[in-house]
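So the sequences go chain by chain: S and Y.
Residues 1 to 228, numbered by the working numbering, are exactly what the first sequence covers, in order.
Residues 1001 to 1146, numbered by the working numbering, are exactly what the second sequence covers, in order.
Don't be surprised by glycine CBs; every beta carbon is placed ideally from N, CA and C.
Below is one structure, written out as C-alpha cells; comments come after it.
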Amino acid sequence: MTQLFAAGIKSHVPAKNASTQSVFPMLDFAPMQQATTRSSEQSKPANTISKTGRRFSVVIVTSISAETDIGADASPTESQSPFEELDALRMNGLQHRIDQIRLSSTLSYRDRFVARIKALLNAYAEENEGRAFSSDSLRALVNFLEENSGFNYPDLTLTPSGNMYAQWKSGKNKLLSIHFLPTSDTRFVIFKPNPKHKDRIIRISGSTTVDALLETIAPHGVMEWASL
Amino acid sequence: MKGDALPKEDHITRLCGGSHITEAGEPRATAFFLKPKDSGSGLSVNWLEHLGLPSRAAEITEIRRIMAEKFMKGVGSTAILAVLNVGQALSSVREESADNRELAILHEPSPRDPSHSGIHNYTIEEELIAELLAGCVLDIYPAKEE
C-alpha cells in the first residue's frame, strides 16, 4: 500500500483515492446539471459577449440553493443571494469554456487536459461550497499552451483563490511553476541546476504578463525539461 | 502555551484539498498557498506530537476526527494529510530562499482543535516559499478514514 514518489514522499494513500476521482462519477459537469434540473424557479437565458468577442448563451439560474449544487445545508426553496447567482453564472461560464476547449483546442493532449480540468472543477466545488474556479485564469493557461505548443502536458492544480497553477518538474533540481492570474499576469518559480556547482540549485521567482512569459523564462533553460 | 514555537524535532500535518493534488496523488505548492483570509493568521497546520498519542497511525486517526468535526460539510473526498518535520521545513526555507526567510511555526490551539498551529511570515504572493514547503513533505495519508 505504501508508495514512494520520486520526490521522496512516502504515500499511504490507496490508488482509488487519487485526485482524478470525480465526486460526481456518474455525471459529466454534474454540478451544473444538478443545479439546472433541480431549480425551483425558472431559469432565464441571456446572451453575452465574451472578452474574445464571441457571442454565447448562458443560463442565469435564479433560485439554486447551495444544496442543489454540492449538498450544502441551505434549503432548495430559499431564493439565491446575488453572490450565489454570481457563482452560478461563473460555473456556467467556466463549463462553457471547458466545452470550447474540448471542441476546438489545438492542444495535442486535449482530451487528457479536459479530463483533468473537470476533475479540478469537481474538487474545487467540493472544497468551496460549489463555487467555480477562475475561467479567466483557465483562458490564460490555455492561450499560453496553445501559443507555445512545445510544452509538455503539465501537472495542473488550483490555488486557493481558484487560479490555475501549472508545473513541469524533473527531479528535485528542475522545476518550472506558473501561476496564471485572471488578469493575464503570471507569477513563476524556476529551480535549475547551478552550472558551477552540480549539487547546488538556483532558485528564481518573478512576475510578468502572460504574453511576455516565454521570453522571460526560456533563457533559464526550462524547455530542457518542460518541452515535448 | 499559545504562541509557543513548535520543537524542531516534531512534526506537523497540513490538510491538502483535492484541487492541490496532482493526478499521481502528490501535493503541490498550491496546498501551501495562503488564502486572503489567512494573511494575519498564517497557514493552518496541526502539531502531531502535541496529541500525545503512541504512534503516527494514532495521530493521523485523531487528526481525521478533528478535521471531520471542524469542517461541517466534511473533508473533501480526495483530500490528503501531508506530514512535514518542523525543523526541516524551517531550515529548508531559511537556506533556500533568496532572503534567508525565517518562518515561524507557532502553536495556536482552539478549544475544538488543541493541536492547531500556524506557519507565519510569508505572504499570499510568495509562490517560492510554498514550493519550498511542498518540497519538505515526508508522508501523505488519506484525510478520510477508509
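Compare the Cα-Cα distances from residue i to each of the options and report the closest residue.
{"i": "Ile1066/Y", "options": "Pro1111/Y, Ser1077/Y, Ala1104/Y and Val1083/Y", "result": "Pro1111/Y"}
{"i": "Leu138/S", "options": "Ala166/S, Glu85/S and Tyr153/S", "result": "Ala166/S"}
{"i": "Asp185/S", "options": "Ser207/S, Gly162/S and Pro195/S", "result": "Ser207/S"}
{"i": "Arg187/S", "options": "Ile117/S, Ser105/S and Val210/S", "result": "Val210/S"}
{"i": "Gly1074/Y", "options": "Glu84/S, Gly93/S and Asn128/S", "result": "Asn128/S"}
{"i": "Glu1102/Y", "options": "Arg1094/Y, Glu1108/Y and Ile1021/Y", "result": "Arg1094/Y"}
{"i": "Trp1047/Y", "options": "Gly1076/Y, Ala1005/Y and Ile1021/Y", "result": "Ala1005/Y"}
{"i": "His12/S", "options": "Gly1087/Y, His1120/Y, Ile1060/Y and Glu1131/Y", "result": "Ile1060/Y"}
Go ahead and label residue i buried or exposed: buried means 16 or more other beta carbons lie within 10 angstroms of its beta carbon, across all protein chains shown.
{"i": "Leu103/S", "result": "exposed"}
{"i": "His197/S", "result": "exposed"}
{"i": "Gly8/S", "result": "exposed"}
{"i": "Met1001/Y", "result": "exposed"}
{"i": "Leu4/S", "result": "exposed"}
{"i": "Pro123/S", "result": "The question names Pro, but residue 123/S is Ala in the sequence shown. The residue is buried, with at least 16 neighbouring Cβ atoms inside 10 Å."}
{"i": "Ser1041/Y", "result": "exposed"}
{"i": "Leu86/S", "result": "exposed"}
{"i": "Asp1139/Y", "result": "buried"}
{"i": "Ala15/S", "result": "exposed"}
{"i": "Phe83/S", "result": "exposed"}
{"i": "Lys1008/Y", "result": "exposed"}
{"i": "Asn1100/Y", "result": "exposed"}
{"i": "Ala1098/Y", "result": "exposed"}
Please tell me whether, using a cut-off of 7 Å, the distance from the CB of residue i to the nearest non-hydrogen atom of the ligand COA is below it.
{"i": "Glu1108/Y", "result": "The ligand content of the structure shown is nil, which means the ligand COA is not present either."}
How close, in whole Å, do the beta carbons of residue i and residue j come, if the pair is a contact with beta carbons under 8 Å?
{"i": "Arg203/S", "j": "Phe191/S", "result": "5 Å"}
{"i": "Phe88/S", "j": "Phe151/S", "result": "It should be noted that the sequence gives Ala, not Phe, for residue 88/S. About 33 Å; that fails the 8 Å criterion."}
{"i": "Glu1145/Y", "j": "Arg1064/Y", "result": "6 Å"}
{"i": "Glu126/S", "j": "Gly1025/Y", "result": "Not really, about 17 Å apart at Cβ, beyond 8 Å."}
{"i": "Ser1115/Y", "j": "Leu1034/Y", "result": "About 20 Å separates the two Cβ atoms, so there is no contact after all."}
message = Check whether the segment 1123–1138 of chain Y and the segment 1028–1044 of chain Y touch, using three or more Cβ-Cβ pairs below 8 Å as the test.
response = yes
query = Using a beta-carbon distance cut-off of less than 8 Å, what residues from the segment 124–155 of chain S approach chain Y?
reply = Tyr124, Glu126, Glu127, Glu129, Phe133 and Asp155
request  = For the segment 162–180 of chain S, enumerate the residues whose C-beta is nearer than 8 Å to any C-beta of chain Y, in chain order.
outcome  = Tyr165, Gln167, Lys172, Leu175, Ser177 and His179
query = Using Cβ-Cβ distances below 7 Å, what residues of the segment 1012–1023 of chain Y are close to chain S?
reply = Gly1017, Gly1018, Ser1019, His1020, Ile1021, Thr1022 and Glu1023
query = Any chance the segment 173–185 of chain S sits against the segment 127–147 of chain S, with 3 or more Cβ pairs inside 8 Å?
reply = yes
key: Segment contact flag, the segment 1068–1084 of chain Y with the segment 1010–1017 of chain Y, C-beta cutoff 8 Å, min 3 pairs   = yes
query = Relative to chain S, which residues along the segment 1096–1117 of chain Y have a C-beta separation below 9 Å, given in chain order?
reply = Glu1096, Ser1097 and Ala1098
key: Proximal residues, the segment 1071–1095 of chain Y versus chain S, C-beta separation under 7 Å   = Lys1073, Gly1076, Ser1077, Thr1078 and Ile1080
key: Proximal residues, the segment 181–194 of chain S versus chain Y, C-beta separation under 7 Å   = Arg187 and Val189
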